[in-house]
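There are 2 protein chains.
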Amino acid sequence: MAKLTGTRTFEQVLAEIERRIILSGLRVGDRLPGERQLAEELQVGRSSVREALRVLETLGLVECQVGRGPNAGAILTYDPDGTLTDLLRLNLSLSSLTMREIIDTRLMIEQWSAGQAAHGPHAEHTRAMTAALAAMDSAATPEEFVAHDMAFHIALTDAAGNTLNSAIMRALSNTLRHYAVEAVHRLGHTADLQADHRLIHTAITTGTPADAVAAVTEHLGRAYPLATPM
Amino acid sequence: MAKLTGTRTFEQVLAEIERRIILSGLRVGDRLPGERQLAEELQVGRSSVREALRVLETLGLVECQVGRGPNAGAILTYDPDGTLTDLLRLNLSLSSLTMREIIDTRLMIEQWSAGQAAHGPHAEHTRAMTAALAAMDSAATPEEFVAHDMAFHIALTDAAGNTLNSAIMRALSNTLRHYAVEAVHRLGHTADLQADHRLIHTAITTGTPADAVAAVTEHLGRAYPLATPM
DNA sequence: GATCGGTGTATGGTCTGACAATATTTGGTC
DNA sequence: GACCAAATATTGTCAGACCATACACCGATC
Numbered sequence: 001m002a003k004l005t006g007t008r009t010f011e012q013v014l015a016e017i018e019r020r021i022i023l024s025g026l027r028v029g030d031r032l033p034g035e036r037q038l039a040e041e042l043q044v045g046r047s048s049v050r051e052a053l054r055v056l057e058t059l060g061l062v063e064c065q066v067g068r069g070p071n072a073g074a075i076l077t078y079d080p081d082g083t084l085t086d087l088l089r090l091n092l093s094l095s096s097l098t099m100r101e102i103i104d105t106r107l108m109i110e111q112w113s114a115g116q117a118a119h120g121p122h123a124e125h126t127r128a129m130t131a132a133l134a135a136m137d138s139a140a141t142p143e144e145f146v147a148h149d150m151a152f153h154i155a156l157t158d159a160a161g162n163t164l165n166s167a168i169m170r171a172l173s174n175t176l177r178h179y180a181v182e183a184v185h186r187l188g189h190t191a192d193l194q195a196d197h198r199l200i201h202t203a204i205t206t207g208t209p210a211d212a213v214a215a216v217t218e219h220l221g222r223a224y225p226l227a228t229p230m
Numbered sequence: 001m002a003k004l005t006g007t008r009t010f011e012q013v014l015a016e017i018e019r020r021i022i023l024s025g026l027r028v029g030d031r032l033p034g035e036r037q038l039a040e041e042l043q044v045g046r047s048s049v050r051e052a053l054r055v056l057e058t059l060g061l062v063e064c065q066v067g068r069g070p071n072a073g074a075i076l077t078y079d080p081d082g083t084l085t086d087l088l089r090l091n092l093s094l095s096s097l098t099m100r101e102i103i104d105t106r107l108m109i110e111q112w113s114a115g116q117a118a119h120g121p122h123a124e125h126t127r128a129m130t131a132a133l134a135a136m137d138s139a140a141t142p143e144e145f146v147a148h149d150m151a152f153h154i155a156l157t158d159a160a161g162n163t164l165n166s167a168i169m170r171a172l173s174n175t176l177r178h179y180a181v182e183a184v185h186r187l188g189h190t191a192d193l194q195a196d197h198r199l200i201h202t203a204i205t206t207g208t209p210a211d212a213v214a215a216v217t218e219h220l221g222r223a224y225p226l227a228t229p230m
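Keeping their order, the protein sequence lines are chains A and B.
In case it helps, UniProt numbering puts the first sequence at residues 1 to 230.
In case it helps, UniProt numbering puts the second sequence at residues 1 to 230.
See below:
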C-alpha cells in the first residue's frame with residue numbers, strides 16, 4: 001500500500017477503500033471484504049482496518065454486522081442523517097452551536113423547500129403530508145404530535161426533491177425534537193399549529209410558491225418565536 | 001461502566017466521554033485524558049477507547065497529537081467543515097448525491113445569507129469580501145481565482161452570522177472547487193464574474209435585502225447554469 | 001423428499017501486551 | 001545561561017488470542 005497520503009495507517013486504509021469503491025463501482029447494499037481479509041490484502045494490522053471502518057460507519061457509509069452469511073460484515077449504506085444528528089448534538093454540547101442557529105437554518109430550508117415544492121410536488125410526498133396531518137389530529141400526547149409534526153415537515157422538505165436538504169432537515173428535526181415537545185406542552189393546544197399546517201399543505205398543492213413560502217414563514221414564526229423572518 | 005446504551009463497548013465509551021464533556025463543562029481547547037488512563041478508568045480495552053476517539057475525530061470534535069506536553073493527546077476542537085466535506089465527497093462517490101443537489105443547496109444558503117447580511121453586515125466580513133475581490137483581480141490562474149472566489153462567498157455567508165450555515169457552505173465550496181476551476185477554464189475570462197461580485201458587495205453594503213438576493217441569484221445562475229432560480 | 005436440530009465456521013467485537021514514532025521535559029555539561 | 005543528550009509520556013500500530021453471534025452445512029428423523 002502506498003505510503004503517500006496521510007501518515008496514519010488507518011487513513012491510508014480509508015483512502016484505499018474509497019479508491020476501491022470508486023473503481024469497482026460499488027453501490028449501496030454491496031459488501032466490503034472482511035476485516036481480516038482487508039488487513040492481509042493491505043498488509044496492515046486489523047486494528048487499523050477497524051479504525052477506518054469506524055470512520056466510514058460514523059460518516060454513515062457502512063453498517064457493520066456480526067455473524068455469518070450475506071448480511072454479515074461491512075455493507076455499504078446511505079445514512080447521512082445519523083452523522084449530521086451526532087454532529088449537531090455534540091457541537092451543541094460543546095456550545096459551538098446555538099439552538100437559534102439550528103432553528104434559523106431549518107427555517108431557511110423549509111422556506112426554500114416550500115417554494116420549490118409548490119412548483120410541482122410529487123403525489124408521494126403530498127400524500128405523506130396528508131397522512132401526517134391526520135395523525136397529528138388524533139395524537140394523544142405532545143410526544144406523539146411532535147413525531148407526526150416532524151414527519152409532516154420532512155415530507156414537505158422531501159417534496160422539494162433535494163436529498164441533501166432532506167438529510168440536513170432530518171438531522172435538524174431530530175435535534176429540535178425535545179425543544180418542540182416542550183413548546184407544545186407550554187402551548188397547551190395544537191389547533192393553531194394544525195391550522196398553519198393545513199394552510200401550508202393547501203399552498204403547496206394549489207397555491208403559488210410565494211404563498212407556500214409565506215405560510216411556512218408564518219408557521220415557524222409561531223412555533224419558534226425566536227426565529228427571525230427573512 | 002453501565003452496559004445500558006449500545007451493546008458495543010466503544011459506543012459506551014463515546015457516551016461516557018460525551019457525558020463528561022457536558023458535566024465537566026469542557027470547552028474547545030481543553031484536553032481529554034490519555035487513551036490508557038481512559039481505558040483504565042472505564043475498565044475497557046485501549047482499542048475501544050481508540051475507536052471512540054476515532055469517531056469523535058471524524059465528527060471534528062477532537063484532534064489527536066502524539067508526543068508529550070500540553071499539546072499532546074486528544075484536544076477538543078471545532079471543525080465540522082472537515083466532517084461535512086468528507087460526507088459530501090463520499091456520498092458523491094457512492095452516487096447517493098448529485099452535483100446538482102449540492103449546487104442548489106449552495107444557492108439556497110447564499111440567497112438566504114445575502115438577505116440576512118444586507119440587514120447589517122459586520123465590517124469584519126465586508127472587509128474580507130473586499131480583500132477577496134482585490135485578490136481575484138490579481139489572480140494569475142483559474143486555481144488562484146477560485147481560491148479567492150471561495151473566500152468571497154464564504155465571507156458573504158459568514159456575514160449572515162449563522163455558523164452552521166457557514167460550516168455547510170465551506171463544505172459545499174470544498175466539494176465544488178474542482179468544478180469551479182473547470183468552469184473558469186471554460187469561460188476563459190472572469191470579468192463577468194467579477195462584475196457580479198461587485199454588484200453583490202454593493203447590494204449587501206448599501207442596498208436592500210431583495211437587491212442582495214437578486215444579485216446572488218443572478219451570479220450563481222451564471223456561474224452554475226444548471227441551478228434553478230427559486 | 002422435506003423438516004428439524006446440532007455442529008461447524010466465518011465474522012465482527014474486545015482485550016492484552018508489545019514495540020515504534022514523536023515531541024516534550026528533564027538534567028547534565030560546558 | 002546555553003546547549004545537547006537521555007528519560008518520558010503520548011499516540012500509532014501490530015500480533016495473537018478469545019468471545020458472541022448468526023448463518024451454513026449435514027445428518028437424523030419423519
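We put the beta carbon where it would ideally sit given N, CA and C, even for glycine.
query, result
"Could you list which residues in chain B have their beta carbon closer than 9 angstroms to that of residue 28 of chain A, in chain order?", "94, 95, 96"
"What is the DSSP secondary structure of residue 115 of chain B, counted as helix, strand or coil?", "helix"
"Please give the ranges of any beta strand (DSSP E) in the stretch 137 to 170 of chain B, keeping only runs that are unbroken, at least 3 residues long and fully inside the region.", "none"
"Which partner residues of residue 63 of chain B appear in the DSSP bridge assignment?", "B/75"
"So the candidates are B/168, B/48, B/84, B/141; which of them puts its Cα closest to the Cα of residue 60 of chain B?", "B/84"
"Please determine, among A/26, A/42, A/41, A/43, the residue with the shortest C-alpha to C-alpha distance to residue 62 of chain A.", "A/26"
"Quickly, what does DSSP pair residue 89 of chain B with across the bridge? List them, please.", "DSSP lists no partner for residue 89 of chain B."
"If we count Cβ pairs, one from each stretch, closer than 8 angstroms, do we get three or more for the stretch 164 to 178 of chain B versus the stretch 84 to 96 of chain B?", "yes"
"Could you check the C-alpha separation between residue 132 of chain A and residue 151 of chain B for me, to the nearest Å?", "42 angstroms"
"Are there three or more Cβ pairs, one per stretch, closer than 8 angstroms when the stretch 100 to 112 of chain A is compared with the stretch 105 to 115 of chain B?", "yes"
"Compute the distance between the beta-carbons of residue 118 of chain A and residue 212 of chain A, then report whether it is under 8 angstroms.", "yes"
"Tell me whether residue 91 of chain A is buried or exposed, calling it buried when 16 or more other Cβ atoms sit within 10 Å of its Cβ.", "buried"
"Would a C-beta distance cut-off of 8 angstroms place residue 97 of chain B and residue 164 of chain A closer than the cut-off?", "yes"
"What residues are listed by DSSP as bridge partners for residue 31 of chain A?", "A/75"
"Would you report the Cα separation of residue 180 of chain B and residue 9 of chain B, rounded to the nearest angstrom?", "44 angstroms"
"Cβ of residue 85 of chain A less than 8 angstroms from any chain B Cβ?", "no"
"Looking at chain A, is there any beta carbon in it that lies within less than 8 angstroms of the beta carbon of residue 175 of chain B?", "no"
"Is there contact here, the stretch 201 to 219 of chain B with the stretch 172 to 186 of chain B, by at least three beta-carbon pairs under 8 angstroms?", "no"
"Check the Cβ of residue 108 of chain B against every Cβ in chain A and list those closer than 8 angstroms, keeping chain order.", "108, 109, 112, 165"
"Along chain B, in chain order, which residues have C-beta atoms closer than 9 angstroms to that of residue 55 of chain A?", "54, 55, 57, 58, 86"
"Beta-carbon of residue 232 of chain A versus every beta-carbon of chain B: anything under 8 angstroms?", "The structure shown does not extend to residue 232 of chain A, since chain A is modelled only from 1 through 230, so no value can be given for it."
"Does the stretch 36 to 54 of chain A touch the stretch 19 to 38 of chain B, meaning 3 or more C-beta pairs lie closer than 8 angstroms?", "no"
"Within the 8 angstroms Cβ cut-off, does residue 47 of chain A reach chain B?", "yes"
"Any idea if residue 127 of chain B is buried or exposed, counting beta-carbon neighbours within 10 angstroms, 16 or more meaning buried?", "exposed"
"Residue range of the alpha helix (DSSP H) that residue 206 of chain A falls in?", "191 to 206"
"Kindly list, in the order they appear in chain A, the residues whose Cβ is closer than 7 angstroms to that of residue 162 of chain B.", "101, 104, 105"
"Pick helix, strand or coil for residue 82 of chain A, following the three-state DSSP scheme.", "helix"
"Select from B/120, B/184, B/224, B/67 the residue whose C-alpha is nearest the C-alpha of residue 202 of chain B.", "B/120"
"Measure the alpha-carbon distance for residue 70 of chain B versus residue 222 of chain B and round it to whole angstroms.", "50 angstroms"
"To which residues of the same chain is residue 199 of chain B closer than 8 angstroms at the C-beta, ignoring the five residues directly before and after it?", "215, 218, 219"
"Helix, strand or coil for residue 219 of chain B per DSSP?", "helix"
"At the 8 angstroms Cβ level, is residue 76 of chain B part of the contact set with chain A, yes or no?", "yes"
"Taking the alpha-carbon positions, what's the residue 48 of chain B to residue 13 of chain B distance?", "7 angstroms"
"Taking 8 angstroms as the threshold (beta carbon to beta carbon), is residue 90 of chain A in contact with chain B?", "yes"
"Among the candidates A/80, A/137, A/194, whose CA atom is the shortest distance from the CA of residue 235 of chain A?", "This structure does not reach residue 235 of chain A, given that chain A is present from 1 up to 230, and the question cannot be answered."
"With a threshold of 7 angstroms on Cβ separation, who are the neighbours of residue 184 of chain A within its own chain once the five nearest residues in sequence on each side are excluded?", "142, 145, 146, 190"
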